[in-house]
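Protein chains: 2
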Amino acid sequence: MAKTAGRPPRSESDIAEYRSKIAKQALAIYRAEGFDAVSMRRLAKEVGCAPMTIYAHFEGKQDILRYLWTDVFADMSNEIQGKLERIDAPVERLQMATQTFVSYWVDHPDHFRLVFMSNDVTRSDVSTFVMDEETLAHFRMFSELVQVVLQDDSNVKASTDTLISGMIGIALCLNTIRDYPWTDAKMMTDRLLTSIIAPVDTAPRS
Amino acid sequence: MAKTAGRPPRSESDIAEYRSKIAKQALAIYRAEGFDAVSMRRLAKEVGCAPMTIYAHFEGKQDILRYLWTDVFADMSNEIQGKLERIDAPVERLQMATQTFVSYWVDHPDHFRLVFMSNDVTRSDVSTFVMDEETLAHFRMFSELVQVVLQDDSNVKASTDTLISGMIGIALCLNTIRDYPWTDAKMMTDRLLTSIIAPVDTAPRS
DNA sequence: CATTAATATAGTACGCGTTCTATATTAATG
DNA sequence: CATTAATATAGAACGCGTACTATATTAATG
Chain Z
1 MAKTAGRPPR
11 SESDIAEYRS
21 KIAKQALAIY
31 RAEGFDAVSM
41 RRLAKEVGCA
51 PMTIYAHFEG
61 KQDILRYLWT
71 DVFADMSNEI
81 QGKLERIDAP
91 VERLQMATQT
101 FVSYWVDHPD
111 HFRLVFMSND
121 VTRSDVSTFV
131 MDEETLAHFR
141 MFSELVQVVL
151 QDDSNVKAST
161 DTLISGMIGI
171 ALCLNTIRDY
181 PWTDAKMMTD
191 RLLTSIIAPV
201 DTAPRS
Chain Y
207 MAKTAGRPPR
217 SESDIAEYRS
227 KIAKQALAIY
237 RAEGFDAVSM
247 RRLAKEVGCA
257 PMTIYAHFEG
267 KQDILRYLWT
277 DVFADMSNEI
287 QGKLERIDAP
297 VERLQMATQT
307 FVSYWVDHPD
317 HFRLVFMSND
327 VTRSDVSTFV
337 MDEETLAHFR
347 MFSELVQVVL
357 QDDSNVKAST
367 DTLISGMIGI
377 ALCLNTIRDY
387 PWTDAKMMTD
397 RLLTSIIAPV
407 DTAPRS
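In order, the protein sequence lines correspond to chains Z and Y.
For the first sequence, the numbering used here puts the final residue at 206, and the numbers step up evenly by one.
For the second sequence, the numbering used here puts the final residue at 412, and the numbers step up evenly by one.
Below is the structure:
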């Protein structure tokens, strides 16, 4: 078990530092010039390293883009929190959060594309990414809003997940299938909320 | 108003023929080797024309990919119809259709990517595409299933749109955000259906 | 200091979508 | 036939993500 000769592997902190340096620059480019401006070659140039060096720290572009999620989610969360400040009634709070969530993604198609449409869905081998605690917290915020409205604890997770995926679906449809005459976003969102707010004990049966 | 000299513009039928020839070849490649295999250069080679000629008939790659939607939607629709054959009860038919719809997109991530994730959401200028009648029919199928279950005609469109976008959202979340411990697809789908099946006269209020 | 292993770099390469320019082909008019 | 306008082609170019190879550079060991 003697230590081998040669240069030792980078320290954990060094790795993290370099990664965050690259991610931070990617964020700066994205914020300033949008999705298409973020390229590996340019990123390397601005970070001050060779293009191939980035591949020593990230698996690929997707791996870098995921670090931008955190920022986008935080931005969205801020918008929701601002709207919730002056609202006390639980149901109205959930309604406002839901409407704001959907509006955010509809109003920011580029952010929507970044988070939900820039993944290579086909390849399942590169899914080693673990959602960071900060991003998960935003999901949990909805869980808490739902929990206050629902009395039945057992259904909170299923209800929240359905709500979240439903909201995202509304945003996706409005963003991608533009020529279909979709019902107004607010109306669909309200309708979706119905399945959460109206307590249901049994699965739908004929 | 005398006719100008020179070669006349292609006839409508010629244009349609060439377009469908290209689209058909794109479909063949997609079916045989998947999404990534469909490239402009290869498509041109197999069609037997120069790469640039394609741009005379289509605005770009997106414009071609949309022609593949028709085929994918038809495939999905077939699967649903097959499942519905032996079911009579309206609610059960709607349930089966819903479950099959979601399963289809979860089981075929490449098709999902093609239809819902390969659009350039950011640029709104290229949305001249008009959904063809055949694809719209599949949306209408859900509308009819919903209509039979709901007595109230006025809510059918809003309910159907919400259901469709919700189903797509479930598929999107399961496909893209893989490390989040989503509730079982069937459970979320059932829960989503609740908002449609359970008749609601007023929007949710506290 | 010499060795050794981890890391970074430079350069090349492939195919991609897309744009541009210049040239050829085609099918009508006068 | 000459003219003319619509169309097709060839070829180069740009930047892209990514892979490969070969060559430094670095920081530890013996």
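Glycine is no exception: its CB is placed at the ideal position from the N, C-alpha and C atoms.
Here the structure is a predicted model, which means the values were calculated and not measured.
Open item on the list: Tell me which residues share the same chain as Ile403 (chain Y) and place their Cβ nearer than 7 Å to its Cβ, disregarding the 5 neighbours each side in the sequence.
Closed with: Here residue 403 (chain Y) refers to the residue found at position 197 when the second sequence is read from its first residue. Correct list, in chain order: Val297, Val355.
- [ ] Have a look at Gly266 (chain Y) and Gln147 (chain Z) and give me their C-alpha separation to the nearest angstrom.
- [x] Locating residue 266 (chain Y) in the second sequence gives position 60, counting from the first residue. Locating residue 147 (chain Z) in the first sequence gives position 147, counting from the first residue. Distance between the alpha carbons of Gly266 (chain Y) and Gln147 (chain Z): 47 Å.
Task: Span of the alpha helix (DSSP H), counted from its first residue to its last, around Val106 (chain Z) - done: Within the first sequence, residue 106 (chain Z) is the residue found at index 106, counting from 1. Element bounds for Val106 (chain Z): 90-107.
- [ ] Starting from Cys459 (chain Y), follow the alpha helix (DSSP H) in both directions and report where the run begins and ends.
- [x] With chain Y represented from 207 up to 412, any question about residue 459 (chain Y) goes unanswered, as that position is not in the structure.
Open item on the list: With a threshold of 7 Å between beta carbons, is Leu233 (chain Y) in contact with chain Z?
Closed with: Here residue 233 (chain Y) refers to the residue found at position 27 when the second sequence is read from its first residue. No, Leu233 (chain Y) does not count as interfacial toward chain Z.
- [ ] Using a Cβ-Cβ cut-off of 7 Å, state whether Val362 (chain Y) counts as contacting chain Z.
- [x] To locate residue 362 (chain Y), count along the second sequence from 1; it is residue 156. Not closer than 7 Å to any Cβ of chain Z, the Cβ of Val362 (chain Y) fails to qualify, so no.
Open item on the list: Cutting at 6 Å between CB atoms, please list the residues of its own chain near Asp110 (chain Z), excluding the five before and the five after it.
Closed with: In the first sequence, residue 110 (chain Z) corresponds to position 110, counting from 1. Gly34, Phe35.
Open item on the list: Comparing C-alpha positions only, which one of Y:Ala377, Y:Ala391, Y:Arg346, Y:Gly372 sits nearest to Lys363 (chain Y)?
Closed with: The count along the second sequence starts at 1 and reaches residue 363 (chain Y) at position 157. It is Y:Arg346 whose Cα lies nearest to the Cα of Lys363 (chain Y).
Open item on the list: Looking only at its chain, what residues have a beta carbon closer than 8 Å to the beta carbon of Thr276 (chain Y), apart from the 5 residues adjacent to it on each side?
Closed with: Within the second sequence, the letter at position 70 stands for residue 276 (chain Y). Around Thr276 (chain Y): Asp338, Glu340, Thr341.
Task: Contacting residues, own chain, Cβ-Cβ under 6 Å from Thr334 (chain Y) (five flanking each side not counted) - done: Start at 1 with the first residue of the second sequence, and residue 334 (chain Y) comes out as number 128. Bear in mind that the predicted position of Thr334 (chain Y) carries a pLDDT of just 43, short of 50, making it too unreliable to give a figure here.
Task: Span of the alpha helix (DSSP H), counted from its first residue to its last, around Thr183 (chain Z) - done: Here residue 183 (chain Z) is taken as the residue at index 183 of the first sequence, counted from 1. Note, Thr183 (chain Z): premise wrong, no alpha helix (DSSP H); not H, not E.
Open item on the list: Run through chain Y and tell me which residues come within less than 8 Å of Arg140 (chain Z), C-beta to C-beta.
Closed with: In the first sequence, counting from the first residue as 1, residue 140 (chain Z) sits at position 140. Within 8 Å Cβ-Cβ: nothing; Arg140 (chain Z) doesn't reach chain Y, min ~11 Å.
- [ ] Please list, in chain order, all residues of the same chain as Thr259 (chain Y) whose beta carbon is under 8 Å from its beta carbon, the five residues on each side excluded.
- [x] Here residue 259 (chain Y) refers to the residue found at position 53 when the second sequence is read from its first residue. So the list reads Ala250, once near-sequence residues are dropped.
- [ ] Under 8 Å between beta-carbons, which chain Y residues line up against Val121 (chain Z)? List them in chain order, please.
- [x] One-based indexing of the first sequence puts residue 121 (chain Z) at position 121. Under the 8 Å cutoff, chain Y gives Pro315, Asp316, Phe318, Arg319, Met323, Asn381, Thr382.
Task: Helix, strand or coil at Ser195 (chain Z) [DSSP, three-state] - done: Position 195 of the first sequence, counted from the first residue, corresponds to residue 195 (chain Z). Residue state, collapsed to three classes: helix.
TODO: Find the nearest neighbour of Pro37 (chain Z) within the set Z:Leu65, Z:Cys49, Z:Thr98, judged by alpha-carbon distance.
DONE: Numbered from its first residue, the first sequence carries residue 37 (chain Z) at position 37. What sits at residue 37 (chain Z) in the sequence shown is Ala, not Pro. Ranking the options by Cα distance to Ala37 (chain Z), first place goes to Z:Leu65.
TODO: Report all residues from its chain with a CB closer than 7 Å to the CB of Arg319 (chain Y); omit the five preceding and five following residues, and keep chain order.
DONE: The sequence position of residue 319 (chain Y) within the second sequence is 113, counting from 1. The residues are Phe241.
Open item on the list: What does the Cβ neighbour count give for Asp152 (chain Z), buried or exposed, with the cut at 16 atoms within 10 Å?
Closed with: For this step, residue 152 (chain Z) is matched to residue 152 along the first sequence. Exposed is the call here.
Open item on the list: Below 8 Å, how does it come out for the stretch 303-312 of chain Y and the stretch 370-385 of chain Y: are there three or more Cβ pairs, yes or no?
Closed with: yes
- [ ] Taking C-beta pairs closer than 8 Å, name the residues in chain Y that Tyr180 (chain Z) reaches, listed in chain order.
- [x] Walking along the first sequence from the start, residue 180 (chain Z) turns up at place 180. By Cβ distance, chain Y contributes Met337, Leu342, Phe345.
Task: CA nearest to the CA of Asn361 (chain Y), picked from Z:Glu17, Z:Met187, Z:Arg178 - done: Within the second sequence, residue 361 (chain Y) is the residue found at index 155, counting from 1. Of the listed residues, the one whose Cα sits closest to Asn361 (chain Y) is Z:Met187.
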